[in-house]
Amino acid sequence: MTFQKLFTALLVAALWSSHPENCMANAMKRLVLFAGPHRTGSASVEEFFHKYCHGSVRHDKQGFPLRAWKWPQVETTHFKDSDLVPMYKIFQNLVVEPRMDDPLNQDIMAAIKDAWDTADSGIILGTELFDQIGAYAQHDGMEAMRQVVKAVGLENDPEYVTVVVNYRSPRFDHWESVWKGSVEGTGKTYKEFMCHTRQYHEKLELISTALNPLQIATESQKEGWHVAIMDMAGLDRANVDVSHSIACNVMDAKCSQSPGWVNNHVDEIIHNNEAEDGHDLVELNDEQRKLAEELLEARDCAYLELMQKLKRDGSGDYKVYEQYSIWPHCGSKKDGTVYQ
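For the sequence shown, this note's numbering assigns the number 2 to the initial residue and increments by one for each residue that follows.
This is the structure:
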């Protein structure tokens, strides 16, 4: 090789490696799974990344900060509810129709594999139905996530998978929102909802899934996956949007300010509030609400003990972003044993 050719080769290599986004192409890609749960602003998060994570080119100012990541764009004729349900909700089909030979699931998996093959840093996708975990769940959100992990070839590399969950507090406010979403359009009061014995299993399901982000976290740890917990009250206190925190902290997007807003999207927040029933919860007084809040916090403290043990034992790690409202009293009273 002549000196000129050698110099040119070294120069090209230096210029290429000076751009981190190019180096990422040679590193292991990462998979980020957003798992809700319900009534935590999930739709806003899903819409944000569906809108801006599509491998943009440099002249696309809005997509450019997230250009190394992709949210799979599914092309299909099998999404029958597309006129009523936004396309960013399409991944819920992996949960409600778990057969991988389902035509829509085949199109979804094809889009996931294509996005994975063409993204530089990795892909992000999600649905609040990933919260369907445990004995009382109608479906199996964990198996749906495992299928996605398998589709991108990370079943033997769990350290490159991160599951993101939102933690909403006060905890009883989250439960009140879950109740309102459950009775939307029925006009049922809280008392009517709680005292309807024929729907007892439904209430157990809501309490153990939609109201239980830390169950998602612990089950993800058991798979060896990383867990990112978004403390929504802490983020609100820091004046940071959930979607931006995920992008800046979990996906290492190009961000400005501290703790971070995605470049070219500072102060941009997608509000996709789910409609809530017009009834207010008037059946409980302040003391009863306080007791319910303490019970829910106690359950979360029990999960903290389990999560710490899983981490010590070498399972998946976890991290809380803008920790403020999660586990506030676990060290000061017997919360862990109360729930157990």
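For glycine and all other residues, C-beta sits at the position ideal for the given N, C-alpha and C.
Beta bridge counterpart(s) of residue i as assigned by DSSP
i           : result
residue 127 : 35
residue 232 : 168
residue 320 : 229
residue 71  : 55 and 124
residue 256 : 263
residue 163 : 33 and 227
Coil, strand or helix - residue i by DSSP
i           : result
residue 52  : helix
residue 221 : helix
residue 204 : helix
residue 328 : coil
residue 41  : coil
residue 119 : helix
residue 91  : helix
residue 269 : coil
residue 81  : coil
residue 143 : helix
residue 288 : helix
residue 189 : coil
residue 282 : coil
residue 134 : coil
residue 100 : coil
residue 245 : helix
residue 311 : helix
residue 175 : helix
Straight-line gap, residue i to residue j (C-alpha atoms, nearest Å)
i           : j           : result
residue 75  : residue 168 : 29 Å
residue 163 : residue 217 : 12 Å
residue 199 : residue 193 : 11 Å
residue 122 : residue 68  : 9 Å
residue 113 : residue 92  : 10 Å
residue 146 : residue 238 : 31 Å
residue 141 : residue 281 : 32 Å
residue 188 : residue 286 : 21 Å
residue 230 : residue 296 : 20 Å
residue 262 : residue 252 : 12 Å
residue 175 : residue 40  : 7 Å
residue 321 : residue 227 : 11 Å
residue 219 : residue 166 : 11 Å
residue 265 : residue 255 : 9 Å
residue 325 : residue 118 : 38 Å
residue 171 : residue 327 : 9 Å
residue 130 : residue 37  : 7 Å
residue 32  : residue 284 : 44 Å
Whole-number beta carbon distance between residue j and residue i, since they are thought to touch under 8 Å
i           : j           : result
residue 127 : residue 236 : Their Cβ separation, rounded to whole angstroms, is 17 Å, which puts residue 127 and residue 236 out of contact at 8 Å.
residue 344 : residue 233 : Outside the displayed range of the chain (2 to 341) lies residue 344, so it cannot be described from this structure.
residue 271 : residue 65  : 18 Å between Cβ atoms; not a contact.
residue 54  : residue 30  : Actually they do not touch by this definition, with Cβ atoms about 13 Å apart.
residue 159 : residue 317 : 7 Å
residue 56  : residue 152 : Their Cβ separation, rounded to whole angstroms, is 18 Å, which puts residue 56 and residue 152 out of contact at 8 Å.
- Item | the segment 201 to 210 contacting the segment 127 to 142, beta-carbon criterion three pairs below 8 Å | The segment 201 to 210 vs the segment 127 to 142: in contact.
- Should the segment 40 to 51 be regarded as contacting the segment 183 to 200, the criterion being three or more beta carbon pairs within less than 8 Å? no
- Does the count of Cβ pairs from the segment 288 to 308 and the segment 96 to 106 closer than 8 Å reach three? no
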